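Report on the following structure.
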Amino acid sequence: MTDEFVKLSHGAGGSTEDTLIHELFLKLFEKRQTRDGIALDALDDGASIRIGEYEVILSMDGHTVDPIFFPGGDLGKLAVCGAVNDTAVMGAEPVAILDSIIVEEGFLMDDLRRIVSS
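Quick note: the sequence shown uses the numbering used here, first residue 52, plus one each step.
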């Protein structure tokens, strides 16, 4: 056991994040490739699987920001734009959104409604 802590740089897309992904996550998965698709080994923003004659692109993102509401947007808009962008840059036409919302106890319902509506 070490005294290491997760830092903001672990999720900033740089070398610290890359090291974390390789040393912690990639070592745990034996199957990291797929036939005729994009899988974990590609380290792309999404994955693709072939279903019949179609290639389906899947992307899931998670965001934490402080403050949750900021000039030009909020956490909800950031999440949707990020997911749509991840699929679009892979050449896909977004047709659905995969959504995961984690809300801490005590969060204001009006703020949650505002985020979901954005």
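Beta carbons: idealized from backbone N, C-alpha and C, even for Gly. Computed from a predicted structure; not experimentally measured.
* **For Arg101, the nearest candidate out of Arg165, Asp87, Ser110 and Pro118 (CA to CA)** => In the sequence shown, counting from the first residue as 1, residue 101 sits at position 50. Looking at the Cα atoms, Asp87 is the closest of the given residues.
* To do: Let me know the secondary structure DSSP gives Phe56 once reduced to three states.
  => Here the question's residue 56 lines up with position 5 in the sequence shown. Three-state DSSP puts Phe56 in coil, outside helix and strand.
* Asked: Who does Ser99 pair with in a DSSP beta bridge?
  -> As a working mapping, residue 99 is identified with position 48 in the sequence shown. In DSSP, Ser99 forms a bridge with Ile89 and Ile108.
* Asked: Between which two residues does the alpha helix (DSSP H) containing Thr138 stretch?
  -> As a position in the sequence shown, residue 138 is number 87, starting the count at 1. Where Thr138 is concerned, the enclosing alpha helix (DSSP H) stretches over Leu126 to Ala139.
* To do: Select from Ser169, Asp96 and Gly127 the residue whose C-alpha is nearest the C-alpha of Ile153.
  => Indexing the sequence shown from 1 puts residue 153 at position 102. Of the candidates Ser169, Asp96 and Gly127, the one whose C-alpha sits nearest the C-alpha of Ile153 is Gly127.
* Can you give me the Cβ contacts of Asp95 inside the same chain, cut-off strictly under 8 angstroms, excluding the 5 residues immediately before and after it? => The count along the sequence shown starts at 1 and reaches residue 95 at position 44. Result list for Asp95: Ile89 and Met141, in chain order.
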